[in-house]
Structure formats: C-alpha cells, structure tokens
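> There's a structure below that I have some questions on.
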Amino acid sequence: MDLLEYQGKQLFARHGLRVSNGKAVTTVEDAVATADEVGYPVVVKAQVLIGGRGKAGGVKLAADEAEARKHATNILGMDIHGHTVRTLWIEHASDIATEYYASVLLDRSAKAPLIMFSVEGGVDIEEVAENTPEKLIRHHVDSLQGLSRAEAVKIATDGKADADVIEGVADALVALYEVWLEEDATLAEINPLIVTPEREVKALDSKVSLDDNALYRHPENQELADKENEDPIERRAKEQGVQYVKLDGDIGILGNGAGLVMSTLDVVAQAGGKPANFLDAGGGSDAAKIKQAVELILANDAVKAVLFNIFGGITRCDEVAKGLIAAFDEIKPSVPFVVRLDGTNDVAGRELLQEAALGNVHAARTMNEAAEKVVALAKEQS
Ligand code: GDP
Ligand code: MN
Numbered sequence: 011m012d013l014l015e016y017q018g019k020q021l022f023a024r025h026g027l028r029v030s031n032g033k034a035v036t037t038v039e040d041a042v043a044t045a046d047e048v049g050y051p052v053v054v055k056a057q058v059l060i061g062g063r064g065k066a067g068g069v070k071l072a073a074d075e076a077e078a079r080k081h082a083t084n085i086l087g088m089d090i091h092g093h094t095v096r097t098l099w100i101e102h103a104s105d106i107a108t109e110y111y112a113s114v115l116l117d118r119s120a121k122a123p124l125i126m127f128s129v130e131g132g133v134d135i136e137e138v139a140e141n142t143p144e145k146l147i148r149h150h151v152d153s154l155q156g157l158s159r160a161e162a163v164k165i166a167t168d169g170k171a172d173a174d175v176i177e178g179v180a181d182a183l184v185a186l187y188e189v190w191l192e193e194d195a196t197l198a199e200i201n202p203l204i205v206t207p208e209r210e211v212k213a214l215d216s217k218v219s220l221d222d223n224a225l226y227r228h229p230e231n232q233e234l235a236d237k238e239n240e241d242p243i244e245r246r247a248k249e250q251g252v253q254y255v256k257l258d259g260d261i262g263i264l265g266n267g268a269g270l271v272m273s274t275l276d277v278v279a280q281a282g283g284k285p286a287n288f289l290d291a292g293g294g295s296d297a298a299k300i301k302q303a304v305e306l307i308l309a310n311d312a313v314k315a316v317l318f319n320i321f322g323g324i325t326r327c328d329e330v331a332k333g334l335i336a337a338f339d340e341i342k343p344s345v346p347f348v349v350r351l352d353g354t355n356d357v358a359g360r361e362l363l364q365e366a367a368l369g370n371v372h373a374a375r376t377m378n379e380a381a382e383k384v385v386a387l388a389k390e391q392s
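The sequence shown begins at 11 in this note's numbering and counts up by one.
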C-alpha cells in the first residue's frame, strides 16, 4: 500500500523525523484557511500516488492569501499523469540551503535492508545512479544488528554531507530506518531531505509503501488506505478478488494469468492499440467470474472494444464461453468483443460461442490475429 506524501510525513513525525507543520484539505476555502493558519509563505502540494508532482505543476509556493487561493484552485482537480488531485497538503514553506536524498528499502538479492544516501537530492535519483553513481552511497544493514548511529554517521560522511550537518543527517537516517522497520514498510524515501539555512535537517517530501501483509500488525495504519483516491473500478475489483489495473487506453483486456495478460498488452500495443486496463481473471475462472470480469471492463466508459485472450489450462474454455454468454445475456454490451480461446476444451468453447451467435463477438485463432482485429474494431468505434 502506497501512502500519500502527507501520510508518510505523519509516520516520519511519529519516529522523530523533522517535517513542516501543515494540514490536508480538500477544498479551496480550507486550503486558504490552513495557509493563513500555518503562516506565509506556504507550499500547496497535490496529494497523488505518483512522483514528479513538482514538474507537473502540482507543487507551488504561495507568498500570500491570493496566491494560496490561486494555486489551490488550479491544483485541485488537476490531472497528474492520470491521477486526479482530490487532496492538497498545505504546509509552511521551508527555506532550502541544500537538497539531499535518503531512502531505505529491502534489497532482495542481498537479503538485507539497503540504505541509500546522496547529496544530489531533489532530482530523479535514477539519474544520479546512472550518471554519477559515486554520489549515491549504498549501504547494507545487518538486519539482526539494526542500524547503529556510528554506521549512520559513516554513511553521511562517505556521502560527503556538509560537515556541520553530519549529525543531523545521521539522526534522519536512524529515524528513517526505524520508520522502515517498525512500520513494516517496503520503501521509505525522502527526496528532498533538506538542510535549511539554519542548518536544520528536514524531510520535505515522503514516499512510503507499507507491506499489506503486515498491516494487521498496525491497526493505526489500516485506515490510511487511500479509498478516496483509488479508482472506483479498481476498488470494486479488489473487493471481488480480481486483479484489475486501470490504464488510459481504449481497449479492454481480459486474460487468465498475469503473464498472458502482460503479453497481451504488448501484442495490442504492437498492433497500434492502447489498452484500457489489465485484467487477470486468474486460474480456474468459472462462468460467474468471467461475467464479473466483463462487468468490470465495461464499467470503464473509455473502452471501445474488448479482447478476451484465454489460454485454457486449469481454466476451461467452455466455462469461459458460458460466462461470456451469460454476461452478454444480462449486460448486452454495446462494444465489440474479440475472443481467442485456446487450450483445455477450446473446441467446445468455440462451439458454444458459435451456437449462441452473439452479435458483435469476433473469434480469432491466434493472439496476433486477435490483437489486430481488436485494434481495428476500436478504431472503427472512435
Ligand atoms: P515531487 O515533485 O513529487 O517530488 O514533490 P516534492 O515534494 O519533492 O517537491 C518538489 C520540489 O518543490 C522540491 O524538490 C523543492 O525544490 C520544491 N519545494 C517543495 N517544498 C518546498 C518548500 O517548502 N520550500 C521551497 N523553497 N521549495 C519547496
Ligand atoms: Mn520529491
């Protein structure tokens, strides 16, 4: 589960990391009231589960009430890489002398926690890793010993943090490691970790992912799930136990098994189409589950054509065909479907579909043929 910036900062604060005082709001009026309260200048920040908000215009400084109102009005409702801004975080703006970077994550190949630190903060850390790898300190922690203060001081020193803030950076690293460990996070990142002109070390941003499987140990974190910002169709899918990810194209895709779905996305993209979703019906899908999946796909208005790509193993193609027939009976979709059934009971499945003579359903024998057909049909619709 990914946390919004302000939720991550609240966890940071609980573990002694310095953050600015602020408030999450959902209306322009509350944004302005909060700005008045925390004192100008303030920073108005879009709360969405995606990075690069600053570059996209979702982070703005405001010197007075009029500016706060203007920025809040512009940013609320803004689309940032497909995420609609519904919440703003307003905090008292910090003066920045320097921007650093710090993160903790689990390095699976090393079977150990990895702390990364760089004095090149505020920018895309992948670029630092690529262009100036010597400026990115990578330190593995012995998970039984934990991170000692001496180790944290060494990381800050090796990373060439300014001499007068070595202690402050070490404190921040120890606190960040504590967040990662005690909150069962899979990632805890601060970019930028700033040094103010008063030489205070502070987290200006946060990126925290919590391990869903450990959430039961943190009842206080369970309510952080971002219900409001979650796509309503994704939420419904989750409740029904279906793997569904919304994408921004117009071709609905259903397959069984994540690998098959991913290759279907690729093949559709190669044929010049844009997938509207990723939907994995899973192994052993029965007719009822297929019907649910069709409903989920069609709940997205952007869908102009649907590709069913089923490779029968445990899933039986005749069951899939029955599900599709039942779904058409009830939902009467207005968009065309291309169906490719292969594997267990495929002949029976294709026969069922043929007998049912559903309007607007096209059979395809291969994945490439299916992809080309569905792309052509989607283009016809638009
Ligand atoms: P991101 O673009 O999603 O990573 O959002 P950040 O929270 O990291 O903000 C982007 C950039 O805005 C930062 O790197 C800072 O340069 C700037 N910024 C954010 N908050 C403040 C602030 O309080 N004061 C100043 N001067 N700049 C800020
Ligand atoms: Mn950032």
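Ideal Cβ positions, reconstructed from N, Cα and C, are used throughout, including at glycine.
Nothing here was measured: the structure is a model prediction, and the numbers come from that model.
What number of angstroms, rounded off, separates the C-alpha of Leu308 from the C-alpha of Ile341?
Approximately 9 angstroms between the Cα atoms of the pair.
> Mind checking Lys65: buried by the 16 CB within 10 Å criterion, or exposed?
It counts as exposed.
> So, with DSSP's three-state summary, where would you put Lys217?
Looking at Lys217 - three-state DSSP - the assignment turns out to be strand.
> Grouping DSSP H, G and I as helix and E and B as strand, with all else coil, what is Glu130?
Coil.
> What separation, rounded to the nearest whole angstrom, lies between the Cα atoms of Ala105 and Ser128?
Strictly speaking, residue 105 in this sequence is Asp, with Ala absent from that position. In a straight line, the C-alpha of Asp105 is about 20 angstroms away from that of Ser128.
> Mapping DSSP to helix, strand and coil, what is Asp241?
Asp241 falls in the coil class under three-state DSSP.
> Check whether the Cβ atoms of Ala388 and Ile261 sit closer than 7 angstroms, and answer yes or no.
Yes, the pair counts as a contact, with Cβ atoms nearer than the cut-off.
> Tell me whether the stretch 106–116 and the stretch 68–88 touch, counting them as touching only if at least three CB pairs, one residue from each stretch, are closer than 8 angstroms.
Touching, no, given that fewer than three Cβ pairs across the two stretches are closer than 8 angstroms.
> With the cut-off set at 7 angstroms, would you say Leu264 and Ala286 are in Cβ contact?
No, the pair does not count as a contact, with Cβ atoms beyond the cut-off.
> Going by Cα to Cα distance, which pick from Ile324, Val330, Val29 is closest to Val304?
Measuring from the Cα of Val304, the nearest candidate turns out to be Val330.
> Just to confirm the assignment, what range does the beta strand (DSSP E) spanning Ser113 have?
Where Ser113 is concerned, the enclosing beta strand (DSSP E) stretches over 108–117.
> For His372, which beta-bridge partners are listed by DSSP?
DSSP, once it has assigned bridges, lists Val348 as partnering His372.
> Distance, Cα to Cα, Asp174 vs Val48?
Whole-angstrom Cα-Cα distance: 29 angstroms.
> Please report the residue range of the beta strand (DSSP E) in which Lys33 lies.
That run of the beta strand (DSSP E) goes 32–35.
> Taking only heavy atoms of the ligand MN into account, decide whether any of them is closer than 6 angstroms to the Cβ of Asn201.
At least one heavy atom of the ligand MN is nearer than 6 angstroms to the Cβ of Asn201, so yes.
> Here's the rule I'm using: 16 or more other beta-carbon atoms within 10 Å means buried, otherwise exposed. How should Pro343 be labelled?
Result: buried.
> Which residues mark the beginning and the end of the alpha helix (DSSP H) in which Arg159 is found?
Start and end: 159–168.
> Below 8 angstroms CB to CB, which residues in the same chain sit around Arg148 once its five sequence neighbours on both sides are set aside?
Here the set comprises Leu124, Ile125, Met126.
> Span of the alpha helix (DSSP H) holding Asp46?
From DSSP, the alpha helix (DSSP H) with Asp46 extends over 38–48.
> Measure the CB-CB distance between Leu354 and Gly333 and report whether it falls below 7 angstroms.
Residue identity differs from the one stated: residue 354 is Thr in this sequence, not Leu. Taking 7 angstroms as the Cβ cut-off, Thr354 and Gly333 do not qualify as a contacting pair.
> Answer yes if the stretch 143–158 comes into contact with the stretch 216–226, meaning at least three C-beta pairs across the two stretches below 8 angstroms, and no otherwise.
Output reads no: the stretch 143–158 does not touch the stretch 216–226.
> Given that a residue counts as buried once 16 or more other Cβ atoms are within 10 Å of its Cβ, and exposed if not, what is Ala166?
Looking at its Cβ environment, which holds 16 or more other Cβ atoms inside 10 Å, Ala166 is buried.
> Under 7 angstroms, do Ile135 and His91 count as touching if we go by C-beta distance?
For Ile135 and His91, no; Cβs fall outside 7 angstroms.
> Can Ala78 and Val53 be called in contact, C-beta distance under 7 angstroms?
No; because the gap between Cβ atoms is not below 7 angstroms, this pair is not in contact.
> Helix, strand or coil for Val52 per DSSP?
It is a strand residue.
> Please report the Cβ distance between Gly1 and Glu101, rounded to the nearest whole angstrom; I am assuming they are in contact, meaning their Cβ atoms lie under 8 angstroms.
Given a span of 11 to 392 for the chain in the structure shown, any question on residue 1 remains unanswerable.
> To which residues does DSSP link Glu101 through a beta bridge?
Answer is Gly32, Val53.
> Taking 6 angstroms as the limit between beta carbons, can you name the residues of its chain near Val228, skipping five residues before and five after?
Sequence inspection shows His at residue 228; the Val mentioned does not correspond to that position. So no residue of the chain qualifies.
> Kindly indicate which three-state DSSP category Leu308 falls into: helix, strand or coil?
Of the three classes helix, strand and coil, the one that applies to Leu308 here is helix, per DSSP.
> Measuring CA to CA, which of Leu368, Ala367, Leu98 is closest to Ala43?
Considering only alpha carbons, the answer is Leu98.
> As a quick exercise: from Gln280, Ala82, Ala72, pick the residue whose alpha carbon is nearest that of Thr36.
Of the listed residues, the one whose Cα sits closest to Thr36 is Ala82.
> To which residues of the same chain is Ala336 closer than 7 angstroms at the C-beta, ignoring the five residues directly before and after it?
So the qualifying residues of the chain are Ala297, Lys301.
> Would you report the Cα separation of Ala171 and His25, rounded to the nearest angstrom?
Computed Cα separation, rounded: 22 angstroms.
> Rounded to a whole number of angstroms, what is the C-alpha to C-alpha distance between Ile320 and Val349?
The straight-line gap from Cα to Cα measures roughly 8 angstroms.
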